[in-house]
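Please read the structure below before turning to the comments.
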Amino acid sequence: MILKALFTSLSLSLLAGVAAAEDVAKPKLGPEAIPITTDHAYLSTAAAPDYWAISPYYIHQQTSSACSLASITIAVNTMRGLPALSENTLVTQNNLLEATKDKRWAEQAAEEGDGVTFADLVADTAQSLKAFDIKAEVTAAQPTKDKAATLEAFRAMLVENETSAKDMVLIYFNQGVVTGDWDGPHVSPIGAYDAATDRVLIMDVDREWYVPYWTKTETLFKAFQRPAPADQGVLAGETGGWVRITKS
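Quick note, the sequence shown lines up with residues -21 to -1, 1 to 227 if you use mature numbering (1 follows the signal peptide of the UniProt record, and there is no 0).
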């Protein structure tokens, strides 16, 4: 009986230990993401033209599925600039949908909507710029499909993009690879690139949970390549990449 009691006590202790381990709170961000709140040295010393151009128009996604809508709204406002006349509003997520008249996108971006594919993101970016008469070239690349879309090519593009605010980059990536949390596709703008540390600043539009954060370029590249899991419905297997918008 004594041995049985000891065994029972030991078993309960082990179970309690496992339960306690499972209850340990996770940090806000995993080791691959450094929040801007703790690391803003680059922005204090570099020109960072994209960051300062994007910041005034940095918004949150208005639904759980509207990351593409929020990101493109930021891009349209950034490329358009502040309207000269008091009668002109800024672009919002709702009036962007009204301007494009895209029922498919509206349904994808609605609460609990399916979200967009990478091809949809490219098309939605182009049609949104056109809807506000913004003359810009839209180019896109996916590491899993384009042989030229290598890590080195991505770095070279980031270096070039960082030189001015005439262009900006939207990324379609697996958020969990970077943040250590949700495993699924996500869209946000790139705010800056620090070549000295080879890190990218992601202006995450998932503002309910995050602030802008830095991640290694190689980590983000891996996030492009990770397929959306099977529980992502129509997006299952979808991989990411980058969309570059350059003013004509």
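Here a beta-carbon is modelled for each residue, glycine too, at the ideal position from N, C-alpha and C.
- DSSP, read as helix, strand or coil, puts Arg134 in helix.
- For Ala171, there is no enclosing alpha helix (DSSP H); the residue is part of the beta strand (DSSP E) that begins and ends at 164 to 173.
- DSSP, read as helix, strand or coil, puts Tyr151 in strand.
- Between Val179 and Leu130, the C-beta spacing is not below 9 angstroms.
- Comparing C-alpha distances from Asp103 to each of Glu197, Glu90, Ala85 shows the shortest one belongs to Ala85.
- Under the Cβ criterion (8 angstroms, minimum of three pairs), the region 180 to 192 does not count as touching the region 74 to 89.
- DSSP, reduced to helix, strand and coil, places Trp193 within a strand of the structure shown.
- For a cut-off of 8 angstroms, the C-beta gap from Gly155 to Asp146 is around 28 angstroms, too long to register as a contact.
- With respect to Ile51, Leu100 sits close: the two C-beta atoms are nearer than 9 angstroms.
- In the three-state reduction of the DSSP assignment, Gly220 falls in the strand class.
- Within the region 29 to 105, the complete alpha helix (DSSP H) segments at least 4 residues long are 46 to 59, 72 to 79, 82 to 88, listed from N- to C-terminus.
- In this structure Thr96 does not touch Val157 by the C-beta definition: roughly 20 angstroms separates them, more than the 8 angstroms allowed.
- The residue among Phe200, Leu22, Glu116 with its C-alpha nearest the C-alpha of Ser34 is Leu22.
- When C-alpha distances from Val222 are compared across Val70, Ala128, Gly60, the shortest belongs to Ala128.
- Here Leu48 is buried. Its C-beta has 16 or more other C-beta atoms within 10 Å.
- Pairing Ile53 with Tyr30 gives a Cβ-Cβ distance that is not under 9 angstroms.
- With fewer than 16 other beta carbons inside 10 angstroms of its own, Asn73 counts as exposed.
- A buried status is given to Gly94, since no fewer than 16 other beta-carbon atoms sit within 10 Å of its beta-carbon.
- Out of Ala88, Ile113, Ala207, the CA that lies nearest to the CA of Thr123 is found in Ala207.
- About 6 angstroms separates the Cβ atoms of Asn153 and Pro164, confirming a contact at the 8 angstroms cut-off.
- Taking C-alpha positions only, Ala32 is separated from Ala215 by approximately 34 angstroms.
- Close CB contacts of Tyr151 within its chain, under the 7 angstroms cut and outside five residues either way in sequence, are with Phe97, Leu100, Pro164, Val166, Gly219, Gly220 (chain order).
- When DSSP states are grouped into helix, strand and coil, Glu139 belongs to the helix group.
- Around Gln40, the same chain offers Cys46, Ala49, Val184 as residues with beta carbons nearer than 6 angstroms, after the five sequence neighbours per side are excluded.
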